[in-house]
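Chains A and B, in that order, are what the protein sequence lines are.
Quick note on numbering: the first sequence equals residues 1 to 173 in full-length UniProt numbering.
Quick note on numbering: the second sequence equals residues 1 to 122 in full-length UniProt numbering.
Think of the CB as a built atom: it goes at the ideal place given N, C-alpha and C, for glycine as much as any other residue.
Please read these numbers as outputs of a predicted model, since none were measured by experiment.
Worksheet for the structure shown next.
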Amino acid sequence: MYQTIKTFVDSAANWLESIGFIITIFTAIKVFFLDKRISDFNKKHLFQTRSQGHISDLKKISKNISDLISDFDNKKTELKIEVKKSEEVAKSIKKKLPKKDIKNTKSLIKEAVKIEKLPENLANLNTTQKLLNYIIDISEFNEDTMNDYYVKLSGLITSLEELKKDYAKSLIS
Amino acid sequence: MMPKNKISLFILELIKMTKKGQISWQESFHTPILPDGIERLVDLAYSTTIKEKSFRLYKYNTKHFTDEYEYYWSERIRFELIDNDGNCTFEFPYEYSLNDLYDAVRESSSGINEFIDDFLKP
Numbered sequence: 001m002y003q004t005i006k007t008f009v010d011s012a013a014n015w016l017e018s019i020g021f022i023i024t025i026f027t028a029i030k031v032f033f034l035d036k037r038i039s040d041f042n043k044k045h046l047f048q049t050r051s052q053g054h055i056s057d058l059k060k061i062s063k064n065i066s067d068l069i070s071d072f073d074n075k076k077t078e079l080k081i082e083v084k085k086s087e088e089v090a091k092s093i094k095k096k097l098p099k100k101d102i103k104n105t106k107s108l109i110k111e112a113v114k115i116e117k118l119p120e121n122l123a124n125l126n127t128t129q130k131l132l133n134y135i136i137d138i139s140e141f142n143e144d145t146m147n148d149y150y151v152k153l154s155g156l157i158t159s160l161e162e163l164k165k166d167y168a169k170s171l172i173s
Numbered sequence: 001m002m003p004k005n006k007i008s009l010f011i012l013e014l015i016k017m018t019k020k021g022q023i024s025w026q027e028s029f030h031t032p033i034l035p036d037g038i039e040r041l042v043d044l045a046y047s048t049t050i051k052e053k054s055f056r057l058y059k060y061n062t063k064h065f066t067d068e069y070e071y072y073w074s075e076r077i078r079f080e081l082i083d084n085d086g087n088c089t090f091e092f093p094y095e096y097s098l099n100d101l102y103d104a105v106r107e108s109s110s111g112i113n114e115f116i117d118d119f120l121k122p
């Protein structure tokens, strides 16, 4: 009788242990996804409350670029300054966006970094730079590059405005 | 469907041409017809003709409902290709650069630069 009860209890303990283990794994997975959702929610909230200033800054930069780009050859330096400013704003925005929505911002930052490295005029390079250019073949900062950057910037502002609307809806519901 | 990048570059080119005074914009002869109660025109509508094609640009307010009776107005720019009677034959997809185009058009068609230059002449 004692042996039967012992076997039953042992068997029940084993089963309960297995079930407990499965529940632990299931809970861990659930917590992981919940944590991700909370982090996304936090970022959306942060973006919602802090992004308006950044978007306005990007709009001002876009306006400045659109003013300067029609006189590209004489405004290369000013345009590069605007590119640098937009890069800083984009970096700030990136920190406030959930991972799945940072693609456009990341792409703009990458493009800005590339533009900042481009020489304004190949003829003005010093000997070392000329040699480096001969080896690596760096292209000059030209109007097409700036056109593409402006298009990217405009696209980013449009998408950020849409995200702001979407987040507003998702945070309410 | 037209590639979005092509449209963006076209809008940028229009901004440049407007700034350089290579294209001129006038107050549109045909006022756009907007859905009553949902959209309303803000300021003037402008139009221009490029290579025998007419384009119209205007700012409008559009109503967004947040609940059955709750709504807010938001501002947008619309850019469209129009026929001789002012009917829209193609609407360009919205993107932020349209705001820059609208500002450039307003500035150039107002003649404010010429006025200030003339005024400041010794």
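Rounded to whole angstroms, what's the CA-CA distance from residue i to residue j? Just pull it up for me.
i	j	result
A:I115	A:D144	11 angstroms
B:V42	B:T31	11 angstroms
A:E111	A:K152	9 angstroms
B:L120	A:Y167	49 angstroms
A:S66	A:S56	15 angstroms
B:Q22	B:E68	48 angstroms
B:I112	B:N61	26 angstroms
A:R50	A:I109	19 angstroms
A:K169	A:M146	35 angstroms
residue 246 of chain A	A:N42	The displayed coordinates of chain A run from 1 to 173. Any statement about residue 246 of chain A would go beyond what the structure contains.
B:Y72	A:G53	21 angstroms
B:K6	B:D118	38 angstroms
B:I11	B:S47	14 angstroms
residue 125 of chain B	A:I25	With chain B covering 1 to 122 only, the question about residue 125 of chain B has no answer from this structure.
B:I116	B:S109	14 angstroms
My assumption, with CB atoms under 8 angstroms, is that residue i sits in contact with residue j. Please give the rounded CB distance.
i	j	result
B:H64	B:S74	6 angstroms
A:L58	A:V83	Actually they do not touch by this definition, with Cβ atoms about 12 angstroms apart.
A:S70	B:K51	Their Cβ separation, rounded to whole angstroms, is 20 angstroms, which puts A:S70 and B:K51 out of contact at 8 angstroms.
B:D103	A:K75	Between A:K75 and B:D103 the Cβ distance is about 18 angstroms, and since that is not below 8 angstroms, they are no contact.
By a C-beta neighbour count over all protein chains shown, 10 Å radius and 16 as the cutoff for buried, is residue i buried or exposed?
i	result
residue 129 of chain B	Look at the range of chain B in this structure, 1 to 122, and you will see that residue 129 of chain B is not part of it.
A:K44	buried
A:N142	exposed
A:G155	buried
B:V105	buried
A:L163	buried
B:T49	exposed
A:S139	exposed
A:F32	exposed
B:E95	buried
B:N84	exposed
residue 213 of chain A	The structure shown does not extend to residue 213 of chain A, since chain A is modelled only from 1 to 173, so the question has no answer here.
Give the residues of chain B in contact with residue i, contact being defined as C-beta atoms less than 8 angstroms apart.
i	result
A:V151	N5, S8, L9, L12, S97
A:I157	Y96
A:N147	L9, L12
Note down, in chain order, every chain A residue with its Cβ under 8 angstroms from the Cβ of residue i.
i	result
B:I15	S66, I69, S70
Give me the chain A residues within the contact set of residue i, using Cβ-Cβ distance strictly less than 7 angstroms, ordered along the chain.
i	result
B:D100	S62, K63, S66
B:D103	K63
Can you pull the chain A residues whose beta carbon is under 9 angstroms from the beta carbon of residue i, in chain order?
i	result
B:D85	None at all; the shortest Cβ gap to chain A is about 31 angstroms.
B:K20	S70, D71
Under 7 angstroms between beta-carbons, which chain B residues line up against residue i? List them in chain order, please.
i	result
A:S154	S8, E95, Y96, S97
Is residue i near the ligand ZN - that is, is its Cβ less than 8 angstroms away from at least one heavy atom of it?
i	result
A:F141	Although the ligand ZN was asked about, the structure shown includes no ligands whatsoever.
(message) Which runs of the alpha helix (DSSP H) at least 4 residues long sit entirely within the region 35 to 111 of chain A? Give them in chain order.
(response) 76 to 95
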